[in-house]
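Chains as they are written, first to last, in the working numbering: chain A, 1 to 114; chain B, 115 to 227.
Written out as structure tokens, the structure reads:
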């Protein structure tokens with residue numbers, strides 16, 4: 001199925017460093033959602049974005065809905081060991097309604113060295 | 115608190131048997147639920163959309179007779195993996211949309227031996 005292009009695929013960083021990951025597509029989206037998944041668990045919603053240019057924070061996490069509506073990024077500041085996990089972006093295509101299917105990125109695996 | 119409850123979290127079954135996975139929407143009525151499958155180190159792959167009171171919509175390549183979906187009430191959808199085989203071993207996750215957000219269950223790790 002169709003997927004978003006999420007990068008980087010994996011990151012190995014030192015505790016305290018900032019992290020940035022992004023998702024891009026050739027299609028226009030009306031919703032971007034960012035999730036974190038721990039091993040053996042379902043994804044947990046971190047941030048939801050609904051408007052082009054929207055910038056939203058949740059603690060040390062900040063995400064933005066791209067102006068072109070074709071991309072989004074997630075930043076994590078001052079990373080800590082519990083930030084370890086897989087981060088997924090998910091988007092809903094414009095014109096698919098508010099309860100339509102989501103398209104997922106391939107995921108970014110984050111490892112943090114204490 | 116949790117929005118979606120999925121059960122069981124882990125199941126091991128013998129090849130040829132059937133396994134039922136439940137997905138419950140805890141605090142709102144969900145006319146639509148989504149079932150995903152996830153292989154190790156891969157992204158979530160949508161299998162089907164469960165519609166309350168009507169037939170599920172399956173994604174291309176997903177066998178409807180293999181993965182039976184029932185959405186008999188506004189708070190419960192079930193996925194039954196019929197005549198399971200080792201290649202059906204995977205992580206199955208359900209999801210519900212509440213307004214414009216999507217929430218996921220805890221997932222079910224199915225191992226077919």
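No residue lacks a Cβ here, since even glycine has one placed at the ideal position from N, Cα and C.
message: So for residue 82 of chain A, helix, strand or coil by DSSP?
response: Looking at residue 82 of chain A - three-state DSSP - the assignment turns out to be helix.
field: chain B contact for residue 41 of chain A (CB, 7 Å cutoff)
entry: Using a Cβ-Cβ cut-off of 7 Å, residue 41 of chain A counts as an interface residue toward chain B, since at least one Cβ of chain B sits closer than that to its own.
Opening and closing residue of the beta strand (DSSP E) in which residue 146 of chain B lies: Here the beta strand (DSSP E) through residue 146 of chain B covers 146-152.
Where residue 215 of chain B sits in the DSSP three-state scheme: Residue 215 of chain B: strand per DSSP, three-state reduction.
field: Cβ contact check for the segment 44-58 of chain A and the segment 209-225 of chain B: 3 or more pairs under 8 Å
entry: The answer is yes - the segment 209-225 of chain B touches the segment 44-58 of chain A, with three or more Cβ pairs under 8 Å.
message: For residue 178 of chain B and residue 150 of chain B, what's the separation of their Cα atoms in angstroms?
response: Each residue's Cα considered, the two are about 14 Å apart.
Cross-chain neighbours of residue 105 of chain A in chain B, by beta carbon under 8 Å: By Cβ distance, chain B contributes 157.
field: Residues within the segment 16-39 of chain A neighbouring chain B, beta-carbon criterion of under 7 Å
entry: So the list reads 31 and 33, given in the order they occur along the chain.
field: Runs of beta strand (DSSP E) lying entirely within the segment 23-52 of chain A, each at least 3 residues, in chain order
entry: Runs of the beta strand (DSSP E) inside the segment 23-52 of chain A: 29-37 and 44-49.
Straight-line Cα distance separating residue 166 of chain B from residue 130 of chain A: Outside the modelled stretch of chain A, which goes from 1 to 114, sits residue 130 of chain A, for which no answer is possible.
- request: Return the Cβ separation of residue 203 of chain B and residue 225 of chain B in integer angstroms, given the expectation that the two are a contact with Cβ distance under 8 Å.
  value: The Cβ separation is near 5 Å, so the contact holds.
field: residue 211 of chain B beta carbon less than 7 Å from that of residue 142 of chain B
entry: Contact check for residue 142 of chain B against residue 211 of chain B fails: the beta carbons are separated by 7 Å or more.
task: Determine, using beta carbons only, whether residue 136 of chain B and residue 192 of chain B come nearer to each other than 7 Å.
output: A Cβ-Cβ contact shorter than 7 Å links residue 136 of chain B with residue 192 of chain B.
query: Shortest alpha-carbon distance to residue 80 of chain A belongs to which of A:9, A:11, A:17 and A:31?
result: When the alpha-carbon of residue 80 of chain A is set against those of A:9, A:11, A:17 and A:31, the nearest one is in A:17.
query: When you compare only the Cα positions, how much space is there between residue 183 of chain B and residue 132 of chain B?
result: In a straight line, the C-alpha of residue 183 of chain B is about 13 Å away from that of residue 132 of chain B.
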